[in-house]
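Enquirer: Every letter in the sequence shown is one number past the one before it in UniProt numbering, and letter 173, counting from 1, is 173.
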Amino acid sequence: MMSEIDKGEAFLPFNIPLPFRSPSPLLSLQAVKDSVSSFVRKTTEKIGTLHASPELKETSEPRDADQVHEEEVSAVTCPLEEDTEEKEIHQPPEEDRLQGLRAATAEAVTKLLDPLVLFEPKLLRAVLHEWLSQLEKTFAMKGFAAISNTSSLPEKSNLDTHLLGESEKRVLCEESGEERRVTLGTEEPGGQTTCDSVSSLSEPSADSFQVCPPYAIANSLQKDLVELTTLCLELNVLTSAVESDSRHMDCALQQLSPETLACRFLKKYFFLLDLKRAKESVKLSHYSPCVWDTFVEGLKEMASSTPAYMEMGERDLPTGLQLLDGSVPSHSPLLIAFAARLYDRFGEPALRALIKFYPSISPSDIAQLCRRHPAQFLAYLDSLVKSRPEDQWPSFLEFLLQPESLRLEWLLLAVSHDAPPSTSTVDDEGHPRPHSHLLSWGYSQLILLLIKLPADFATKEKMTDICRSYGFWPGYLTLCLELERRREAFTNIVYLNDVSLMEGDNGWIPETLEEWKLLLHLLQNKNTRPAPQESLNGSLSDGPTPINVENVALLLAKAMGPDRAWSLLQECGLALELSEKFTRTCDILRIAERRQRALIQGMLEKCDRFLWSQQA
Numbered sequence: 001m002m003s004e005i006d007k008g009e010a011f012l013p014f015n016i017p018l019p020f021r022s023p024s025p026l027l028s029l030q031a032v033k034d035s036v037s038s039f040v041r042k043t044t045e046k047i048g049t050l051h052a053s054p055e056l057k058e059t060s061e062p063r064d065a066d067q068v069h070e071e072e073v074s075a076v077t078c079p080l081e082e083d084t085e086e087k088e089i090h091q092p093p094e095e096d097r098l099q100g101l102r103a104a105t106a107e108a109v110t111k112l113l114d115p116l117v118l119f120e121p122k123l124l125r126a127v128l129h130e131w132l133s134q135l136e137k138t139f140a141m142k143g144f145a146a147i148s149n150t151s152s153l154p155e156k157s158n159l160d161t162h163l164l165g166e167s168e169k170r171v172l173c174e175e176s177g178e179e180r181r182v183t184l185g186t187e188e189p190g191g192q193t194t195c196d197s198v199s200s201l202s203e204p205s206a207d208s209f210q211v212c213p214p215y216a217i218a219n220s221l222q223k224d225l226v227e228l229t230t231l232c233l234e235l236n237v238l239t240s241a242v243e244s245d246s247r248h249m250d251c252a253l254q255q256l257s258p259e260t261l262a263c264r265f266l267k268k269y270f271f272l273l274d275l276k277r278a279k280e281s282v283k284l285s286h287y288s289p290c291v292w293d294t295f296v297e298g299l300k301e302m303a304s305s306t307p308a309y310m311e312m313g314e315r316d317l318p319t320g321l322q323l324l325d326g327s328v329p330s331h332s333p334l335l336i337a338f339a340a341r342l343y344d345r346f347g348e349p350a351l352r353a354l355i356k357f358y359p360s361i362s363p364s365d366i367a368q369l370c371r372r373h374p375a376q377f378l379a380y381l382d383s384l385v386k387s388r389p390e391d392q393w394p395s396f397l398e399f400l401l402q403p404e405s406l407r408l409e410w411l412l413l414a415v416s417h418d419a420p421p422s423t424s425t426v427d428d429e430g431h432p433r434p435h436s437h438l439l440s441w442g443y444s445q446l447i448l449l450l451i452k453l454p455a456d457f458a459t460k461e462k463m464t465d466i467c468r469s470y471g472f473w474p475g476y477l478t479l480c481l482e483l484e485r486r487r488e489a490f491t492n493i494v495y496l497n498d499v500s501l502m503e504g505d506n507g508w509i510p511e512t513l514e515e516w517k518l519l520l521h522l523l524q525n526k527n528t529r530p531a532p533q534e535s536l537n538g539s540l541s542d543g544p545t546p547i548n549v550e551n552v553a554l555l556l557a558k559a560m561g562p563d564r565a566w567s568l569l570q571e572c573g574l575a576l577e578l579s580e581k582f583t584r585t586c587d588i589l590r591i592a593e594r595r596q597r598a599l600i601q602g603m604l605e606k607c608d609r610f611l612w613s614q615q616a
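#1: Could you spell out where the alpha helix (DSSP H) holding Ala353 opens and where it closes?
#2: Do you know how far the Cα of Leu132 is from the Cα of Phe295?
#3: If I measure Cβ to Cβ from Ala367 and keep anything under 7 Å in the same chain, skipping five residues before and after, which residues do I get?
#4: Distance check for Lys267 and Glu130, CA to CA, integer angstroms please.
#5: Run the CB neighbour count on Met463, radius 10 Å, all protein chains shown included, and call it buried at 16 or more, exposed below.
#6: So what's Val494 in DSSP terms, helix, strand or just coil?
#7: Closest to His435 by C-alpha separation, out of Cys212, Asn492, Ala337 and Pro214, would be which residue?
#8: On the DSSP bridge assignment, give the partners of Pro432 in chain order.
#9: Run the CB neighbour count on Thr77, radius 10 Å, all protein chains shown included, and call it buried at 16 or more, exposed below.
#10: How many Å lie between Ala598 and Glu605 at the Cα?
#11: Who are the near neighbours of Val291 in its chain, counting only those whose CB is closer than 8 Å to its CB and skipping five residues on each side?
#12: Measure the CB-CB distance between Trp393 and Leu449 and report whether it falls below 9 Å.
#13: Figure out for me which residue from Leu228, Asp382 and Gly475 has the closest Cα to the Cα of Ala108.
#14: Report back the beta-carbon spacing between Pro363 and Leu400 to the nearest angstrom; my notes put them in contact at under 8 Å.
#15: DSSP state of Ser257, grouped into three classes?
#16: For Phe119, which three-state DSSP category applies?
#17: Can you tell me where the alpha helix (DSSP H) holding Gly602 begins and where it ends?
#18: Helix or strand or just coil, what does DSSP make of His521?
#19: Buried or exposed for Ala592, please, with buried defined as at least 16 other CB atoms from any protein chain shown within 10 angstroms of its CB.
#20: Residues in its own chain within less than 6 Å of Leu225 by CB, not counting five upstream and five downstream?
#21: Return the CA-CA distance between Met302 and Val211, expressed in angstroms with no decimal places.
#22: Following the continuous alpha helix (DSSP H) through Ala414, name the residue where it begins and the one where it ends.
#23: For His90, does the count of other Cβ atoms within 10 angstroms reach 16, so buried, or fall short, so exposed?
#24: Find out if the Cβ-Cβ distance for the pair Trp410, Leu354 is shorter than 9 Å.
#25: Helix, strand or coil, according to DSSP, for Phe209 in the structure here?
#26: Which two residues bound the contiguous alpha helix (DSSP H) that contains Ser395?
#27: Taking the alpha-carbon positions, what's the Pro519 to Phe490 distance?
#28: For the putative contact between Leu334 and Leu299, defined by C-beta atoms under 8 Å, what is the C-beta separation to the nearest angstrom?
#29: Kindly list the residues whose CB is nearer than 6 Å to the CB of Pro432, restricted to its own chain and excluding five residues on each side of it in sequence; keep chain order.
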């Protein structure tokens with residue numbers, strides 16, 4: 001006599017070989033019954049009403065063998081329901097969906113282990129194109145859009161990682177995967193249609209991000225997928241071989257800019273990216289601002305479901321910083337999303353406050369956030385450098401200059417913001433205006449730090465040209481003397497008309513007789529074409545001591561001695577322009593020189609007597 005399970009097996013309305021069926025018919029039938037029961041239970045909870053089917057009755061009341069027999073026979077007489085059930089059974093599980101991708105991934109990883117492929121860009125890109133075609137096939141299936149909508153529902157995300165945990169992914173896949181069989185084209189309780197058209201099923205909306213994996217992906221496969229997807233972004237492999245095979249698609253893709261393709265790639269495969277590497281790739285390789293904006297929008301999409309992110313939109317800046325410090329790990333890529341939210345609300349004060357999160361938030365990140373307001377980046381950079389002890393400013397700034405090309409960019413920003421107008425620093429002929437080196441520059445300390453850092457000759461020359469064109473004369477003179485352009489430096493010192501530039505320990509004093517002659521010659525030319533040399537406030541009396549023949553002659557007498565100075569002045573024909581002050585000063589210098597000689601002579605005699613006494 002047949003048991004209940006035997007009778008059920010005899011009248012099973014389908015006989016399809018399934019990969020998960022056991023060789024034993026008894027176990028196979030039990031597995032099918034359990035699967036159907038689980039399917040009915042979960043879909044009943046999410047959907048109000050469904051068409052009546054024999055399987056639904058299994059969950060409502062106990063049945064004996066005859067009832068099971070009658071229901072299964074009636075199912076055979078309903079071709080439509082049988083076709084539906086066969087569709088459900090034909091639907092491959094996640095492992096089957098990912099089987100092709102798993103094989104393609106293993107093949108790609110194996111090829112990349114070959115040095116001939118890894119170090120040959122063309123071969124490397126070809127491997128990635130081929131693998132990307134399989135990735136497109138896997139995640140462009142009809143069920144993808146429905147799963148995408150399910151996975152994009154608000155969930156609590158762990159800020160320590162941008163992917164769901166393995167257990168969470170399995171639950172998500174089990175629920176959404178079984179729902180997909182009956183909810184396709186139906187309306188969910190919230191009123192949102194799961195699928196609107198066949199075209200929307202092919203891939204996610206262009207305006208939406210896929211921030212969570214649509215399938216449960218094993219850790220080993222997930223690791224390889226993340227590596228290859230991120231490598232595609234870094235090497236700008238953004239289209240697949242599948243798309244290139246179609247002439248229509250290829251023509252459409254050719255009309256898209258590289259920036260558009262990068263944004264499209266980010267949105268489709270955001271859940272497969274190593275976000276730290278992706279951030280650096282976007283900053284260094286994709287120069288269009290829209291690519292960075294797209295990346296940050298993806299981070300915001302991931303962070304939007306967290307309580308701290310929502311609460312930050314309602315609090316003041318100090319509270320927001322406390323939330324950021326206490327809720328987001330310092331190594332989390334989502335830190336940029338929180339920083340962007342603070343900046344959107346509070347502007348420059350938020351940037352200055354973000355220096356406490358260095359190095360998790362780097363200057364290059366801030367430069368991208370406030371690229372529309374470069375002056376705000378300067379305020380951040382200036383505050384960041386000055387947050388260290390003063391003796392560490394040069395070394396710290398040099399450490400921040402990665403890559404080296406940032407030096408010129410930052411210098412241009414610093415000399416063009418919070419600076420005096422060029423009409424105040426440069427005259428109509430391009431020469432320095434008198435005393436314009438005393439004007440106030442908002443970032444003068446930062447500019448001088450950038451100028452004094454070690455750099456190659458070509459970079460120093462470019463920096464010199466920048467300082468000259470913007471009229472930052474302290475930096476220009478420093479660079480001229482460093483580059484041995486001393487003639488040019490002394491020429492501009494004469495135009496600046498401030499003798500203090502040649503005095504003190506940091507003054508620019510001629511070192512050779514030829515340089516003194518050059519300086520005196522420049523003064524002669526200056527006297528032949530007199531021009532009013534007013535100070536910054538328009539008064540001759542209030543400004544610094546001007547550079548004239550007598551003041552330079554005094555410096556010459558102090559440096560070379562009164563007698564040699566007098567000879568040089570006579571040689572240049574400038575002796576007649578000197579006043580009695582110069583004569584008295586020379587007399588004083590001669591007296592001081594004689595006294596100094598006498599003092600030295602007396603000391604030498606004492607030393608001599610001491611040495612002879614020691615020998616005796």
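Note that the Cβ used here is the ideal one computed from N, Cα and C, for glycine as well.
Expert: The answer reads as follows:
#1: Counting along the chain, the alpha helix (DSSP H) containing Ala353 begins and ends at Glu348 to Ala353.
#2: Approximately 20 Å between the Cα atoms of the pair.
#3: Same-chain partners within the cutoff: Phe377.
#4: One C-alpha to the other measures close to 20 Å.
#5: Its Cβ being crowded by 16 or more others within 10 Å, Met463 is buried.
#6: Collapsing the DSSP output to three states places Val494 in a helix.
#7: When each option's Cα is compared against that of His435, the closest is Asn492.
#8: The partner list for Pro432 (beta bridge, DSSP) reads Val426.
#9: Residue placement at Thr77 cannot be trusted, given a pLDDT of 32 that sits under 50; the coordinates are not used to answer.
#10: Put simply, the backbone Cα of Ala598 is about 11 Å away from that of Glu605.
#11: Non-local C-beta neighbours of Val291 in its own chain, meaning closer than 8 Å and more than five positions away in sequence, comprise Glu259, Ala262, Cys263, Leu266 and Val282, ordered along the chain.
#12: Remark: C-beta atoms of Trp393 and Leu449 approach each other more closely than 9 Å.
#13: Comparing alpha-carbon positions, the option among Leu228, Asp382 and Gly475 lying closest to Ala108 turns out to be Leu228.
#14: Contact flag correct, Cβ pair sits at about 6 Å.
#15: Ser257 sits in coil when the DSSP states are folded into three classes, being neither helix nor strand.
#16: For Phe119, the three-state secondary structure derived from DSSP is coil.
#17: For Gly602, the uninterrupted alpha helix (DSSP H) segment begins and ends at Glu580 to Gln615.
#18: In the structure shown, His521 sits in a helix (DSSP, three-state: H, G or I).
#19: Looking at its Cβ environment, which holds fewer than 16 other Cβ atoms inside 10 Å, Ala592 is exposed.
#20: Listed in chain order, the non-local C-beta contacts of Leu225 below 6 Å within the same chain comprise Leu272, local neighbours out to five positions each way being set aside.
#21: Between the alpha carbons of Met302 and Val211 lies a gap of roughly 6 Å.
#22: Counting along the chain, the alpha helix (DSSP H) containing Ala414 begins and ends at Leu406 to Ser416.
#23: Bear in mind that a pLDDT of 47 at His90, under 50, signals an unreliable position, so the number given afterwards is only what the model happens to contain. Taking all protein chains in view, the Cβ of His90 is surrounded by fewer than 16 other Cβ atoms within 10 Å, so the residue is classified as exposed.
#24: Not a contact, by the Cβ cut-off of 9 Å.
#25: In the structure shown, Phe209 falls within a coil segment according to DSSP collapsed to helix, strand and coil.
#26: Where Ser395 is concerned, the enclosing alpha helix (DSSP H) stretches over Trp393 to Leu400.
#27: Sequence inspection shows Leu at residue 519; the Pro mentioned does not correspond to that position. Those two C-alpha atoms are separated by around 7 Å.
#28: Leu334 to Leu299, Cβ: 6 Å. Contact.
#29: In chain order, Trp473, Asn492, Tyr495 and Leu496 place their CB closer than 6 Å to the CB of Pro432, counting only its own chain and leaving out the 5 sequence neighbours on each side.
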